[in-house]
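Engineer: Below are the structure tokens for one structure; questions will follow.
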């Protein structure tokens, strides 16, 4: 069936000129590589209802819209039996639902081997007002893959029932997420809502353009809301992996996130962590609500910071963890994968935990090892309080240095324990 598209271009008469809306208030961090293309157009998707044709229909609509153009999906559910691989030569295109994410849904009908249900093709692609739903059929793929492209943005989106919601797929390629933006988005039943994983001596990434995650919700069954893991190649923690290609180089790389912002978000309980950072630096976490962990997995916390991470600011958040045993609010630890002993060289530096409110009867509050230059100031430990120590930086190999704890409420001195070298 021949697909028909309503196309309005700037080259037609004045009566047919399409008015392109300016950036809405929610627009943040417009891609730095945006370019002006005179052929941009506004296109309304036409689809015959066959799951076998949806991918081609959307891909062709993007081509008809052109660079800088807009594709609008009318209200309905779009079912697809294959991935949508967007064109690689059409940058700065916007793909939007006609109204909101409740009324426009892209849903998988079967399992297939793919990096994502929707796979971004070019820099500056923007997604709006839709739900992209793996329907629980694939535990590994991402709902919308940024696929290493720069300036990929999502506004008022829902990513559902997937291995990952938005960003790079968990395929050990280490594809960067430069200038990724997620604003007012919902991540529901995604094992990891947003993921960056440079795994097993993949090419190291020294710097990532500033990522902004603002006013999002991480809900339902999940392992971790956000996981930014730029290490875990084993080079620092497992002898037999130190001979892998690039392992020595990876040991010296801590990825600069250039002020990555996580703000105004809500995190329901996750199995492992709400946030997990490894081998990263320069991240700001402020104004969020974290509900901590389910208690199903041992040694878990709302926020886990490890493996040489530094320059992490956690400020003005509400952080809870209502679980007994070995669960915590925040951990600042070394590389502990594979059961190896922690090493001082892998400790965290310059961690700032200020002006937060903590609550919940977890095992301990803030724990750490082999850390340096940690400030824990002006926090409120609310009731119920941790069963064990409120702050505990314990000595493993060479101890801790410059751990500063002051002006925190409901933290008696006998609940603060710091072992230094």
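In mature numbering (1 follows the signal peptide of the UniProt record, and there is no 0), the protein residues as written are -23 to -1, 1 to 398.
C-beta atoms are modelled at their ideal positions from N, C-alpha and C, and glycine is treated no differently.
Bear in mind the structure is a predicted one, so any value in this text is a computation, not a measurement.
Leaving out five residues on either side along the sequence, give the residues of the same chain with a beta carbon under 7 Å from the beta carbon of residue 383.
Structural biologist: Here residue 383 refers to the residue found at position 406 when the chain shown is read from its first residue. Here the set comprises 354.
Engineer: What first and last residue would you give for the alpha helix (DSSP H) that runs through residue 35?
Structural biologist: Within the chain shown, the letter at position 58 stands for residue 35. From DSSP, the alpha helix (DSSP H) with residue 35 extends over 31 to 42.
Engineer: On a Cα-Cα basis, can you pick out the residue from 129, 113, 125, 143 that is closest to residue 119?
Structural biologist: What you label residue 119 is simply residue 142 of the chain shown in a count that begins at 1. Residue 143 is the option with its Cα nearest to residue 119.
Engineer: Return the CA-CA distance between residue 82 and residue 54, expressed in angstroms with no decimal places.
Structural biologist: Position 105 of the chain shown, counted from the first residue, corresponds to residue 82. Position 77 of the chain shown, counted from the first residue, corresponds to residue 54. Residue 82 and residue 54: Cα-Cα distance of roughly 5 Å.
Engineer: Report buried or exposed for residue 396, applying the criterion of at least 16 other Cβ atoms within 10 angstroms of its Cβ.
Structural biologist: Mapped onto the chain shown, residue 396 falls at position 419. The residue in question, residue 396, is exposed, as its Cβ has fewer than 16 Cβ neighbours within 10 Å.
Engineer: Residue 195 lies in the beta strand (DSSP E); which residues open and close that run?
Structural biologist: Taking the chain shown and counting its residues from 1, the one referred to as residue 195 is at position 218. Where residue 195 is concerned, the enclosing beta strand (DSSP E) stretches over 194 to 196.
Engineer: Quick check on DSSP: helix, strand or coil for residue 77?
Structural biologist: Reading the chain shown from its first residue, position 100 is the one you call residue 77. The answer is coil: DSSP assigns residue 77 none of H, G, I, E or B.
Engineer: Where do the N-terminal and C-terminal ends of the beta strand (DSSP E) with residue 167 fall, by residue?
Structural biologist: Here residue 167 is taken as the residue at index 190 of the chain shown, counted from 1. Counting along the chain, the beta strand (DSSP E) containing residue 167 begins and ends at 163 to 174.
Engineer: Quick test of your reading: residue 339 and residue 363, contact by CB under 8 Å. State the CB separation rounded to the nearest angstrom.
Structural biologist: Translated into the one-based positions of the chain shown, residue 339 becomes position 362. Translated into the one-based positions of the chain shown, residue 363 becomes position 386. Confirmed, about 5 Å.
Engineer: Ignore the nearest five residues each way along the sequence and tell me which others in residue 105's own chain have a CB closer than 8 Å to its CB.
Structural biologist: As a working mapping, residue 105 is identified with position 128 in the chain shown. Closer than 8 Å at Cβ, skipping near neighbours: 71, 72, 73, 74, 131, 132, 133, 134.
Engineer: What whole-angstrom Cβ distance do residue 265 and residue 240 have, given they're in contact under 8 Å?
Structural biologist: Counting from 1 along the chain shown, the entry for residue 265 is found at position 288. Counting from 1 along the chain shown, the entry for residue 240 is found at position 263. About 7 Å separates the two Cβ atoms, so the contact holds.
Engineer: Which of the three DSSP states, helix, strand or coil, is assigned to residue 54?
Structural biologist: Taking the first residue of the chain shown as 1, we reach residue 54 at position 77. Correct three-state label for residue 54: strand.
Engineer: So, at 7 Å on beta carbons, what are the nonlocal neighbours of residue -20 in its own chain, with the 5 sequence-adjacent residues on each side left out?
Structural biologist: Start at 1 with the first residue of the chain shown, and residue -20 comes out as number 4. With a pLDDT of 37 at residue -20, under the threshold of 50, the predicted position of this residue should be treated as unreliable, though the coordinate-derived value follows. Within the same chain, residue -20 has close Cβ partners 23.
Engineer: Could you name the residues of the same chain whose beta carbon sits closer than 8 Å to that of residue 418, not counting the 5 residues immediately before and after it, in chain order?
Structural biologist: Outside the displayed span of the chain (-23 to 398) sits residue 418, for which this structure offers no information.
Engineer: Is it right to say residue 286 is buried, meaning 16 or more other beta carbons lie within 10 angstroms of its own, or is it exposed?
Structural biologist: Numbered from 1 along the chain shown, position 309 holds the residue referred to as residue 286. By the neighbour-count rule (16 or more Cβ atoms within 10 Å), residue 286 is buried.
Engineer: Report the start-end ranges of each beta strand (DSSP E) in the segment 318 to 366 that is 3 residues or longer and not cut off at the edges.
Structural biologist: As far as the segment 318 to 366 is concerned, its whole beta strand (DSSP E) runs of at least 3 residues are 326 to 331, 334 to 336, 343 to 346, 349 to 354.
Engineer: When the Cα atoms are used, what is the spatial distance from residue 171 to residue 204?
Structural biologist: For the purposes of this step, residue 171 is taken as residue 194 along the chain shown, with counting starting at 1. For the purposes of this step, residue 204 is taken as residue 227 along the chain shown, with counting starting at 1. When rounded, the distance between both Cα atoms is 6 Å.
Engineer: Between 96, 69, 86, 57, which has its C-alpha nearest residue 63's C-alpha?
Structural biologist: The residue labelled residue 63 in the question sits at position 86 within the chain shown. Nearest option by C-alpha distance: 96.
Engineer: Around the C-beta of residue 381, are 16 or more other C-beta atoms found within 10 angstroms, so that it is buried, or is it exposed?
Structural biologist: Walking along the chain shown from the start, residue 381 turns up at place 404. Exposed, because fewer than 16 other Cβ atoms sit within 10 Å of the Cβ of residue 381.
Engineer: Beta carbon of residue 157, beta carbon of residue 182: below 9 Å?
Structural biologist: Along the chain shown, read from residue 1 onward, the residue named residue 157 stands at position 180. Along the chain shown, read from residue 1 onward, the residue named residue 182 stands at position 205. Contact: no.
Engineer: Can you tell me whether residue 236 is buried or exposed? The criterion is at least 16 other CB atoms within 10 Å of its CB, across all chains shown.
Structural biologist: What you label residue 236 is simply residue 259 of the chain shown in a count that begins at 1. Under this definition residue 236 is an exposed residue.
Engineer: Please determine, among 256, 28, 385, the residue with the shortest C-alpha to C-alpha distance to residue 87.
Structural biologist: Stepping through the chain shown from its first residue, residue 87 is reached at position 110. Nearest option by C-alpha distance: 28.
Engineer: Are the C-beta atoms of residue 326 and some chain B residue less than 9 Å apart?
Structural biologist: This model lacks chain B altogether; it includes just one protein chain.
Engineer: For residue 41 and residue 101, I'd like the C-alpha separation in whole angstroms.
Structural biologist: Within the chain shown, the letter at position 64 stands for residue 41. Within the chain shown, the letter at position 124 stands for residue 101. Approximately 17 Å between the Cα atoms of the pair.
Engineer: Does the beta-carbon distance from residue 291 to residue 230 come in below 9 Å?
Structural biologist: Residue mapping note: residue 291 aligns to position 314 of the chain shown, counting from 1. Residue mapping note: residue 230 aligns to position 253 of the chain shown, counting from 1. Against a cut-off of 9 Å, the Cβ pair of residue 230 and residue 291 comes out as no contact.
Engineer: Assuming contact is defined by CB atoms lying nearer than 9 Å, are residue 185 and residue 233 in contact in what I supplied?
Structural biologist: Start at 1 with the first residue of the chain shown, and residue 185 comes out as number 208. Start at 1 with the first residue of the chain shown, and residue 233 comes out as number 256. Yes, Cβ-Cβ distance for residue 185 and residue 233 is below 9 Å.
Engineer: Quick check on DSSP: helix, strand or coil for residue -2?
Structural biologist: Here residue -2 corresponds to residue number 22 of the chain shown, with the count starting at 1. Model confidence at residue -2 stands at a pLDDT of 37, short of 50, so the residue's coordinates are unreliable and nothing is read from them.
Engineer: Who are residue 59's beta bridge partners in DSSP?
Structural biologist: Taking the chain shown and counting its residues from 1, one reaches residue 59 at position 82. Residue 59 pairs with nothing; no bridge assigned.
Engineer: In its own chain, which residues sit with a C-beta less than 6 Å from the C-beta of residue 392, not counting the 5 before and 5 after it?
Structural biologist: Position 415 of the chain shown, counted from the start, is the residue given in the question as residue 392. Hits under 6 Å: 366, 367.
Engineer: Can you give me the C-alpha to C-alpha distance between residue 254 and residue 26, rounded to a whole angstrom?
Structural biologist: Residue 254 sits at position 277 when you count from the first residue of the chain shown. Residue 26 sits at position 49 when you count from the first residue of the chain shown. Approximately 42 Å between the Cα atoms of the pair.
Engineer: Please work out which residues of its chain come closer than 8 Å, Cβ to Cβ, to residue 10, disregarding the five sequence neighbours upstream and downstream, and give them in chain order.
Structural biologist: Walking along the chain shown from the start, residue 10 turns up at place 33. Residue placement at residue 10 is flagged as unreliable, the pLDDT there being 39, under the threshold of 50; a coordinate-derived value is accordingly withheld.
Engineer: Please list the terminal residues of the continuous beta strand (DSSP E) segment that includes residue 234.
Structural biologist: Indexing the chain shown from 1 puts residue 234 at position 257. Its beta strand (DSSP E) spans residues 232 to 240.
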